[in-house]
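Residue numbers (my numbering): 750 to 1387. Cβ atoms here follow ideal geometry from the backbone N, Cα and C, with glycine treated the same way. Data block below; observations after.
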């Protein structure tokens, strides 16, 4: 690591020779494999952008020039070259974020790790430079997978409108987002990768034609004047140039000298330029290259020599969903599945193997996926759209106006719901139960264990006249939590054991074991507690109000934002029913959460059994004090 340890900032790269730069690239790959194998993280994407990132920082002057990454999971090399080489606590509390972070460095601009946004950011920054008459450069690095998102093309449409506004767009084309990139754009980029460029064709032709007497030079000029048609024939990059974007490439994304040359040309150009770079995801690491699923897109702790996981967890939520989907697929021919470029991460790999003609990968295009689902439902099928909870935020309008308004039977399965922890603020699935509360007719299921995932998924796909949502957590599934009774459609997980119970504890989803622990702690303080799991948290079960009326206090506990979440919905339902019982709602505060483990984040925000039990005990004691105070001042009647 002789060269890498001498890099304290981008300008330290300037004094290195080409041979030293190539050595540095190998040192960086060795460092990444060693460091990320210990912590987990996005390994494959970063192994693929080593030379590209070196070239970017050689040609452009960050932080004066703004180098933007979409998505930020390909920024590890950028971190190393901007003075951040302590990866010992990557993605852990107090360590480096797995994405760019303004708190870490002035070289980081965008923290949001949702894809397809960088071109909008770049467009805005370039316009700001124009208005303020600044000569800063704006460089947007976007993966070919992110170009499947509609937002990217909306931005391109605006960027191309200003022919003289400088902006460099670097397309990191590795044929993949998580898995291989699909769709018409992917086919177009593939054509560009595999076709000789027209410039070389013209150069060879010019040599021959200029040596041809009389007609040679005029014929060359004619060909050169018709280069638009020739481009489409020889190297069909016309799609970009039709938009008014200068196209450079394809460039070997692992040839530093070629990359620097292309980027220098783009830097000098006075308008928007696309530099198309061909890279190899997982480059230099055999286990990643042999992983056809996603080239080690994201890994846990692994053995660096073999790439095998150091430990295996138990059954996880995603796998439970995936297995049940296959069973449903065999039982019902109308069940189809949708994924937004995340086939394996959301557990639909086995469904694809069993029913390859009944699964649709829409690319990183959640909005389109939701509308397409509405069309599938209207056409007589029942689509199941599996997506990370945080990414459904991007399709809210389509869920509301296309799916719900038309009463389409679409099931949205939200993986990684609640606090996910180590991926940071943009990946916590903490908003879904809030933003979906206002959607008329939509129903939300929050399973507490694997049995309930299976049961509630089946209940969801049985609904054909409204959208349904099934949300579950990240990681391993705990033991089954058995019900001891029912109240309406709710499961009673613990009876208070008295006719005049103190607390009705409403447990949402995966937090059932913690809520039972809270009840035990309250019981030790002499506070009797009933614990119920609504199962379906929207709409609020009609049986909840009369049950709440039998208790002195209602407490809701959810793995979602307190703002507009299940607690708010329960409170409104009680008011509407005329039940005047004090209610305390516990959940995630409306803040962006720093990266840390799920357990650490929950402790930090007070979403733990001891913290909640302590506050509920205080609330009951306050109520007891009020009653005693009222009794003390009550008039004595003869």
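Residue state for residue 1141 is assigned as helix, using DSSP reduced to three classes. One Cα belongs to residue 1037, the other to residue 1189, and the distance between them is close to 45 Å. Between the alpha carbons of residue 1160 and residue 1032 lies a gap of roughly 38 Å.
Residue 1070 sits in a helix when the DSSP states are folded into three classes.
In the displayed model, residue 921 falls within a strand according to three-state DSSP. By the criterion of a C-beta distance shorter than 7 Å, residue 1300 is surrounded in its chain by 1250, 1251, 1252, 1253, 1279, 1330, once the five residues flanking it on both sides are discounted.
Between residue 1319 and the set 1341, 1344, 1285, 1005, the nearest pair of CA atoms involves 1285. Between residue 805 and residue 909, the C-beta gap is not smaller than 7 Å, which leaves the two residues out of contact. Distance between residue 1101 and residue 1077, taken at the CA atoms: about 13 Å.
One Cα belongs to residue 1307, the other to residue 789, and the distance between them is close to 28 Å. The C-beta distance from residue 867 to residue 889 rounds to 5 Å, short enough to meet the 8 Å contact threshold. Measuring C-alpha to C-alpha distances from residue 918 to each of 1212, 768, 1015 identifies 1015 as the nearest.
Residue pairing of residue 1110 in beta bridges, as defined by DSSP: 1088.
DSSP, read as helix, strand or coil, puts residue 1100 in helix.
Between residue 1112 and residue 1138, the CB-CB gap reaches or exceeds 7 Å.
Non-local beta-carbon contacts of residue 1147 in its own chain, meaning distances under 6 Å to residues more than five positions away in sequence, involve 1116, 1119, 1120 in chain order. For residue 878 and residue 1075, the gap between their C-alpha atoms comes out near 53 Å. About 27 Å separates the beta carbon of residue 1241 from that of residue 1063, a gap too long to meet the 8 Å contact definition. Here residue 807 carries a helix assignment [DSSP, helix/strand/coil]. Residue 760 counts as exposed, since fewer than 16 other beta carbons sit within 10 angstroms of its beta carbon. DSSP, reduced to helix, strand and coil, places residue 1131 within a strand of the structure shown. A Cβ-Cβ separation of about 6 Å places residue 803 in contact with residue 774 under the 8 Å criterion. For the 7 Å CB-CB criterion, residue 1260 and residue 1297 do not form a contact. For residue 828, the enclosing alpha helix (DSSP H) starts and ends at 825–830.
Within the same chain, 1069, 1073 come within 8 Å of residue 1203 by CB-CB distance, once the 5 residues on both sides are set aside. Proximity of the segment 1043–1059 to the segment 1210–1227 falls short of the contact definition, fewer than three beta-carbon pairs being nearer than 8 Å. The DSSP-derived three-state label of residue 1211 is coil. Annotation for residue 797: 923, 1028, 1029, 1030, 1031, 1032 place their beta carbon closer than 7 Å to its own, counting only its chain and skipping 5 residues before and after. Under DSSP, the beta-bridge partners assigned to residue 1026 are 921, 1000. Beta-carbon to beta-carbon, residue 1066 and residue 1221 are separated by about 4 Å, close enough to satisfy the 8 Å threshold. Using a C-beta cut-off of 8 Å, the segment 808–817 makes no contact with the segment 766–784, since fewer than three inter-stretch Cβ pairs fall below that distance. When C-alpha distances from residue 1145 are compared across 1131, 1132, 1166, 1186, the shortest belongs to 1186. Contact between residue 781 and residue 1008 is ruled out by a C-beta separation of about 19 Å, above the 8 Å threshold. C-alpha of residue 1025 to C-alpha of residue 1193: approximately 43 Å in a straight line.
Secondary structure at residue 780: helix, using DSSP grouped into helix, strand and coil. Relative to residue 831, the option among 810, 843, 820 whose CA is nearest is 810.
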